[in-house]
Amino acid sequence: MVDGIMKKFHEDVVIYILLRLPMKSILRFKCISKTWYTLMQSSTFINLHLNRTTTYNDELIFFKRSIKLEPDLFKNILSFLSSDNEDDITPVYPDIDVPYLTSDYCSRFHQLIGPCRGLIALTDFTVIVLLNPATRKYRLLPASPFVCPKGFTFVTRGVGFGYSTAESYYKLVRIFEVYTDPYDRDLDARHSKVEIYDSCTDCWRDLDLTVKLLPKVRRFACSEIFYKETFHWCAHDDTVMILCFDISLETFHYMKLPDHCHFWDNKGYGLTVLSNYLTFITYPNPRCALDPGQEFTDIWIMEEYGVNGTWIKKYTIRPLPIESSLSVWKDHLLLLQSTSGTLSSYNLSSDELKEFNFQGFTSTLRLVVYKESLTIIPRESEHGTKVQTF
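Counting from 0, one number per residue, gives the positions in the sequence shown under numbering that gives the first Met the number 0.
Here it is as structure tokens:
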């Protein structure tokens with residue numbers, strides 16, 4: 000019957016119809032006909048689906064939290080969430096456990112990075128899992144070959160994930176800080192190391208640096224973002240800044256923050272996108288004492304990307320019980336984790352704060368706002384780790 004439809008209608012008409020179907024229907028149709036399976040696996044159809052016209056109502060939430068089981072044992076949970084309105088959030092699929100990531104107190108440092116063409120990277124800074132929440136496929140990426148020299152140890156400062164349009168493949172970048180063991184505060188005893196994973200080779204490679212020590216990336220809940228084919232991280236040395244990495248040129252540069260943002264202001268920082276602008280969020284750090292009048296959350300947008308001095312304060316938000324910002328949803332809802340570990344939203348238009356029935360251990364909440372895609376997780380080598388279904 001399905002093949003009969005393909006014969007009766009021109010392929011362009013069939014594609015036009017399929018592109019307007021919900022993802023669940025598309026995935027169901029893939030399973031009932033070899034002809035449709037081949038069509039929907041083609042790069043042409045995948046790219047058409049990826050670039051289809053969508054609205055904010057098509058945005059879903061991929062949500063990670065950790066539940067404390069014992070003093071130093073946590074259970075990591077992934078949820079797939081949606082909403083027909085702004086009053087409630089409901090699961091799209093059943094929750095799943097995450098077996099690959101650390102399950103100790105370091106669960107609070109796990110990061111969700113993306114989305115990029117529908118794919119998301121989940122990492123504990125050692126293990127990296129690449130996944131597509133729409134197709135429920137994932138792949139454990141190969142481990143880094145880096146081995147620390149004797150007498151040294153290292154810490155992963157930052158991870159980025161993006162797609163190079165010029166090269167037509169995905170890249171991950173990982174920033175290490177290597178230092179003597181035991182730790183020496185002397186800057187001369189430390190240096191940065193950067194490695195890049197190319198999806199076209201399924202391998203990691205070293206990047207030659209022009210500086211010895213990069214600024215230190217700060218591990219806030221949403222302290223990195225991929226925007227305009229550039230990785231951005233909140234970072235600091237003598238002052239706070241945005242550390243940037245051009246994914247095609249593979250070069251680092253720095254971006255100044257708005258005036259009055261400095262290292263000792265006891266604020267948390269976040270990066271996101273609001274109305275297609277690079278957006279910087281400052282919020283009160285609940286673990287620090289603040290001067291009177293500093294309990295507000297500020298949202299800044301960069302009117303001219305890459306041009307210092309073009310930051311505009313878009314919103315100043317009243318004091319909220321905020322642990323950290325997480326993302327912006329539907330372009331007017333600031334998603335955040337409260338100091339009690341509850342997923343919450345603040346409406347930038349109505350000044351309404353709402354708590355949802357999703358909770359985890361304080362500071363372990365992470366989320367990514369995404370739109371469903373059919374993007375295939377790359378696996379260029381037959382010897383590489385397999386793409387699996389969760």
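Glycine included, each C-beta is placed from N, C-alpha and C at the ideal position.
Quick caveat, the model's predicted, so the values are computed rather than measured.
Can we say the stretch 300 to 307 touches the stretch 271 to 289, given the rule of at least three CB pairs closer than 8 Å? yes
Reference V193; option with closest CA among T200, A120, F153, E85: F153
Cα-Cα separation between F225 and I95, rounded to whole angstroms: 26 Å
Cα-Cα separation, T229 to R173: 14 Å
Unbroken alpha helix (DSSP H) run spanning Y99, endpoints: Y99 -> no alpha helix (DSSP H), and no H or E assigned at all.
Quick one: give me the first and last residue of the beta strand (DSSP E) that E69 is part of. 59 to 69
Determine the closest residue to I321 out of D71, A133, D123, L333, with distance taken between C-alpha atoms. L333
Report the residue from A142, L256, F357 whose alpha carbon sits nearest the alpha carbon of R64. F357
Just mark C243 as buried or exposed, buried being the case when its beta carbon has 16 or more other beta carbons within 10 Å. buried
Pull the bridge partners of E223 from the DSSP assignment, please. W232
Within its chain, find whatever has a CB closer than 6 Å to the CB of F28; leave out the 5 residues flanking it on each side and keep chain order. W35
For S324 versus L342, is the C-beta distance shorter than 7 Å? no
Relative to the C-alpha of N46, which residue among R138, L121, A220, S167 is closest? S167
Name the DSSP bridge partner or partners of M39? Paired residue(s): none; M39 is not in a bridge.
In chain order, what residues of the same chain lie with their CB nearer than 7 Å to the CB of S380, ignoring the 5 residues before and after it? D201
Under the assumption that K215 contacts A188 (Cβ atoms under 8 Å), give the Cβ distance between them as a whole number of angstroms. Not quite, the Cβ-Cβ distance comes to about 15 Å (not below 8 Å), so this is no contact.
Within the stretch 184 to 209, ranges of the beta strand (DSSP E) (whole runs, at least 3 residues): 189 to 197, 202 to 206
Do the CB positions of S42 and S163 come within less than 7 Å of each other? no
How would you write the range of the beta strand (DSSP E) that S81 sits in, first residue to last? 72 to 81
Closest residue to Y178 among A165, E69, H190 (Cα-Cα distance): H190
Can you give the Cα-Cα distance for A220 and T361, rounded to whole angstroms? 11 Å
Distance, V306 Cα to Y99 Cα: 41 Å
Looking at the secondary structure, which residues open and close the alpha helix (DSSP H) in which F28 lies? 22 to 29
Coarse secondary structure for N56, derived from DSSP in three states: helix
Nearest to Y15 by alpha carbon, out of L212, K227, M39? M39
Count the CB pairs spanning the stretch 362 to 380 and the stretch 51 to 58 that are closer than 8 Å, and state whether there are at least three. yes
Are the CB atoms of V158 and T122 within a distance shorter than 7 Å? yes
Could you tell me the distance, in whole angstroms, from the CA atom of V91 to the CA atom of I76? 14 Å
If the criterion is Cβ atoms closer than 7 Å, does the pair G267 and Y282 meet it? yes
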